[in-house]
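Only one structure is covered here, and it is reproduced in the block below.
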Amino acid sequence: MTSVVEKLWLILEDLKEEEFKQLKWLLQQADIMRTIVPHLKVCPVLPVTRLEKADRQDTVGQMMQLYGLHGALEVTRNVLRKINRNDLVAQLENITSTPEVDVNDVGTSHTEDLMVPVPNPPQSITSYQQMLQSNFQNRFICVQEGLLNMEDKKLLDDIYTELYITEGSNMQINRQHEIMQIEVASKKPAGTEISIKSSDIFKHPSGKYRPIRTVLTNGIAGIGKTFLVHKFILDWAEGRTNHDVHLIFPFTFRQLNLLRDENRLQLDFTAPQKKTTPVTKSRGIEGLLMSLIKGTLLPSARVWITTRPAAAYQLSLEFVDIVSEVRGFTDPQKEEYFTKRFSHDGHAGTIISHIKASQSLHIMCHIPVFCWITSTVLEDVLKTSERAELPKNLTEMYTEFLAFQIRQTKEKYGAEKSIQYIHSLAKLAFYQLEKGNLIFYEEDLKDSGIDLSKASVCSGVFTQIFKKEHWRKKGKDKGRMFSFVHLSIQEFLAAVYVEFSCINSNKNVMAQPQPTSKRLGKPSYKSSELEVHRIAIDKALESPDGHLDLFLRFLLGLSLQTNKDLLADLLKPKRMSSNSNQETIQYIKTKLKGKLSTERCINLFHCLNELNDHSLVEEIQQYLSSGSIAKKYLSPAQWSALVFILLSSEKDHDVFDLKKYCAAEEGLLRLLPVFQGSVTYLLSGCDLSERGFKALAAILNSKQSNLRELDVSSNNPDDSGVALLCAELENPYCRLELLRLSDCNLSERNCEALASVLSSGSSTLRVLDLTNNNLQDSGVKLLSYGLGSLHCTLESLRLSLCKLSWRSCEALAPVLSSETSCLKQLDLSNNDLQDSGVKLFSAGLASLHCRLETLRLSGCLVTEEGCVSLASALNSNPSHLRELDLRYNNPGTAGVMVLSAGLEDPQWRLDTLRVNPDGVRWLKPGLKKYACELTLDPNTAHRDLILTDENRKVTRGREEQPYPDHPERFDGCFQLLCKEVVTGRSYWEVEWDGRIWVAVTYRGISRSGEAADCSLGWNEKSWSLECTEDGYYSWHNRTLSDIAYHPLNTTRVVVYLDAPAGTLSFYRVSSNELTHLYTFYTTFTEPLYPGFWIGLNCSLTLCPFEEEELSPV
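Going left to right, the sequence shown walks through residues 476 to 1588 as the numbering used here numbers them.
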């Protein structure tokens, strides 16, 4: 059924352009609109700025927002009469906008005279709007940062700094500590996501009109959600934004909790409910809230829910139209905040520079409430302290903050009461943190020794630490509610309490069981500071959600004498042994050797930083700076240090090149937390198994993923790994555009899953590389089903070396001629297509629907006949193909001429034609057409190597041979090279016995000694395959990759080099069938020579070829 909104849009579509202009002009004229709809007491008009560029769809949206559904219908009818389109008015007569509710919605404009259904005498909605706006202006025009005294309040507009709000958020349960979440979020570059203005919170990010009812805005504590809502309301109340909103009713869940006896509201959205809920019927708070969110109560009202991540998952996305996230301050917004805050004293520049210099402070300043804490501390330090050094980390910052509070309280209440207040608050903070409580009641305060009559002192003087919430109803309630200003303040004070108890009373409150209200006075175990630290570390590591992580950082930081000195009024002057901290450091390092989650490891490194120990980090930094990290075997602690360094780095991590760190699956799994926001993953040749592909699938499944390019070439994913990837490529959250699966031992079985991806309406894949896989014709036929789909967006496909024949061309031709095909680049090189295949393929190329721009057919057994077919196709459709590669074929003089003529034809777009090298010798099937004759070079052979069979066989013995001295001879490594340089495309085979290495190398490889710069595969100048009876291994620059295949009953290996393309491939030969082992991808910058390392009593033979099989080297 067509909706009312859609019918309105269709009505406007029937207007001529001039009539539509008249309609828009009338909607802007207040005087005329009053005559058109005189019964409307208030008839707001649409501003010029909203209608100037609005199309018909936008105009309907603007009218809906301003007048409501019923009002929009009424205005449209009367305006159509005004422009003499009564025929269209007649079409609107049968349209009704009456909602299926018992009473008209409060806050909407669905009655003809814009009345709200209230008891007599009724009043216009405008009067309620004016009352609300006046009330909100008084309520939100001023805010306080910290103190409650009215004289300390400031105008919201003067101090408000715009927040960074983004579209979308992860609605899964996030068990990370919120500080950890902000540290991760700070790594996401601003600009990679759609940002939202605070005034546009109800507008669809696309900019087009969409009916938006419910918006869920997510954000951690202190990130600015409350200020955001207040600013939205104030701007509306003062008439600056959202003129289409009639009434606003803000509620906080804390206020709603006051109406219940229980601690928290329990919202169950799975329970069945009626379709509509009468607004006059009495219901419980939970029922009303669920009905409001589900839309069965006030279905035309807009609902804006703000929440913390820990609670967001409780709401079903079924009832949410837009999800957004408050991410706090971007770097420019941080500077704007401090500039506003310190505009009067010129400290802004100093403070901004200091925060930028400290990475932990800079990250924390993404949180507005931390910016306020930082401002409070640094302002006080700059005014009162003679010390030039400002706090550099979190513990120092919070210690200064607490010292400032103590000084403020001492002036008014004296030192004794000040310390007593702090001690009571710290005690409350610790025991409630252990319970996981953020909100406390009068009973909790009594348990911590806080006199209720003095609670107002704590919540007044210490407002910057502790705040009083609201009164609860008397009866079964728990009285007033209290909380700390921010969770981090509670965590810091909890650490202060533990340190206070240890130093002042020699008690270890960490060791005793969590006390109840009756046991708070029970003596704690006596213990050393080291024992306190150990227990705290163990408890923090046991926490599944890391809720003690920041507490632990603070506790260890407070053990430093510099921080204790700042709290001299609170802590007894007692010098602790430096050995205590050293033992704590060693205990942390021992824990780092175990199996810990990434989050817990990173926090332990933050703890080491608090203790001023940087030894592990400095060791890894040295590896990184020397470029040797990929060659080191890292311990678990060293891996954690690497992750910590990379996460702490200011460098962009757009590209994740795993080989820079460790070409193995362990490296991928350990480093994913660092690179989960990267755009490009380079993972070729990293020995990934199903476990690794499962981790990659999880990245692709994430709504926050930025991954656009994924290279997993030269791995062995098996069917399960390919299935995992393909399943996520069809996920609407996945935005991958490039996928490389070359040399992955894929077969026709995998093509069905890939075809499903290509035909998926949600796939964004543009480039697919399947080079060097055993797909065969049956696989390409399956792929073609996906390529021919209406939804396929693929623009580039590489199928080189996939064992294809002319039958694949038969399957691909209809794809090229499809009207919906997006394919622009196609590589079919090194497949035995022959002229028959090219002829079939040319039928598709000739279609006017074909958009192919690049076609590579090198090494495809093409002759003059095939060239004529191609030329004929280009004559039929000359407007797209720009590049044609026919190297390593035999086009003949006539074939070259007929294609070259097209280069001169102005109608052809062809500007690049490659035909050399060419000739009859390239008309051999498979890779053997590139076979070259090689001989071993005795001038390079180590003296323990024996050359026989006219320098085609080498064996290693124990006796030195009487070779003359030569500058190119290897004198330490048991190696030798071939005489011939290999260029272009080259192919050779070797038979081996025992243990040998087959390699290619630059001529300049070192010859003296046994160091890495001499060994094949152990440096940047050489690439090698190690062959043993147990298996194969690839080596380059001392980086090893284990290859899944076993030699079985064969000892023959093939080497195929395509130097211009930068590929070096190795194959196992069995029964004349090639099985791909490994391919190196690089850029060769110098001439290459085949080389070999020979094990003791082992041998190698260069396999001969028939004369007609050879190509020139």
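No residue lacks a Cβ here, since even glycine has one placed at the ideal position from N, Cα and C. Just so it is clear, the structure is predicted and the values come from calculations on it, not from any experiment.
Item                                                                                                                     : Value
ALA529 versus LYS629: straight-line alpha-carbon distance, rounded                                                       : 39 Å
Neighbourhood of LEU1402 by C-beta distance below 6 Å, restricted to the same chain and skipping five residues each side : TYR1462 and TYR1531
Cβ neighbours of SER1559 in the same chain (closer than 7 Å, five flanking residues each side left out)                  : First, the amino acid is wrong: residue 1559 is Phe here, not Ser. Cβ within range, chain order: ALA1534 and GLY1537.
Strand pairing of ASP1468, partner residues [DSSP]                                                                       : SER1574
Three-state secondary structure assigned by DSSP to ASN738                                                               : For ASN738, the pLDDT reaches just 43, beneath the cut-off of 50, and the residue's location in the model is therefore unreliable, although a value from the coordinates is still provided. Of the three classes helix, strand and coil, the one that applies to ASN738 here is coil, per DSSP.
For GLU575, three-class secondary structure by DSSP                                                                      : Reliability of the predicted coordinates at GLU575 is poor, the pLDDT of 32 falling under 50, and the value obtained from them is presented with this limitation in mind. GLU575: coil per DSSP, three-state reduction.
Residues of its chain near ASN1589, where Cβ-Cβ distance is below 8 Å and the 5 sequence neighbours each way are ignored : In the structure displayed, the chain extends from 476 to 1588; residue 1589 sits before or after that span and is not available.
For TRP1498, the residue or residues it bridges with in DSSP                                                             : VAL1475 and HIS1511
Burial state of ALA832 (16 or more Cβ within 10 Å)                                                                       : exposed
ILE698 classed as buried or exposed, judged by whether at least 16 other C-beta atoms fall within 10 angstroms           : buried
Pair within 8 Å by beta-carbon distance, GLN439 and LEU555                                                               : Beyond the ends of the chain as shown, which are 476 and 1588, falls residue 439; an answer cannot be given.
Span separating the alpha-carbon of VAL1187 from that of GLY1167                                                         : 10 Å
Any 3 or more C-beta pairs closer than 8 Å across the segment 1117 to 1126 and the segment 1083 to 1102                  : yes
According to DSSP, residues forming a beta bridge with ARG1331                                                           : ASP1302 and ASP1360
Option in GLN965, ILE838 and TYR888 with minimal Cα separation from SER419                                               : Residue coverage of the chain in this structure runs from 476 to 1588, which leaves residue 419 outside it and unanswerable.
Collapsed DSSP secondary structure at SER1311 in the structure displayed                                                 : helix
For LEU1301 and ASP1517, the rounded distance between their alpha carbons                                                : 32 Å
Reduced DSSP secondary structure (H/G/I, E/B, other) of ASN553                                                           : helix
Cβ-Cβ distance between PHE1610 and VAL1007 below 8 Å                                                                     : Residue 1610 lies beyond the residue range present for the chain, which begins at 476 and ends at 1588; the question has no answer from this structure.
Rounded separation between LEU541 and LEU1023 - CA only                                                                  : 50 Å
Straight-line Cα distance separating GLN965 from PRO990                                                                  : Here the model assigns PRO990 a pLDDT of 48, short of 50, so the residue's position is not dependable, and the following value carries that caveat. Computed Cα separation, rounded: 18 Å.
GLN605 classed as buried or exposed, judged by whether at least 16 other C-beta atoms fall within 10 angstroms           : exposed
The segment 1438 to 1455 in contact with the segment 1405 to 1419 per 3-pair CB rule at 8 Å                              : yes
Cβ-Cβ separation, LEU1491 to GLY1566 (assumed contact under 8 Å), whole Å                                                : 5 Å
DSSP state of GLY536 mapped onto helix, strand, coil                                                                     : helix
Where ASP1129 falls: helix, strand or coil (DSSP)                                                                        : coil
Backbone CA spacing between SER1100 and TYR1136 [nearest angstrom]                                                       : 12 Å
Touching by the beta-carbon criterion (3+ pairs, under 8 Å), the segment 1262 to 1269 and the segment 1282 to 1298       : yes
Coil, strand or helix - GLY697 by DSSP                                                                                   : coil
Outcome for TYR1108 when other beta-carbon atoms lying within 10 angstroms are tallied against a minimum of 16           : exposed
Alpha helix (DSSP H) runs contained entirely in the segment 955 to 988, provided each spans 4 or more residues           : 962 to 980
Close beta carbons around PRO866, own chain, < 6 Å, minus the five adjacent residues each side                           : MET872 and GLU875
Backbone secondary structure at THR859 - three-state DSSP                                                                : helix
SER766, enclosing alpha helix (DSSP H) - first and last residue                                                          : 760 to 769
For VAL1197 and CYS617, the rounded distance between their alpha carbons                                                 : 58 Å
Top-ranked residue by Cα proximity to ALA696, from SER670, GLY889 and SER958                                             : SER958
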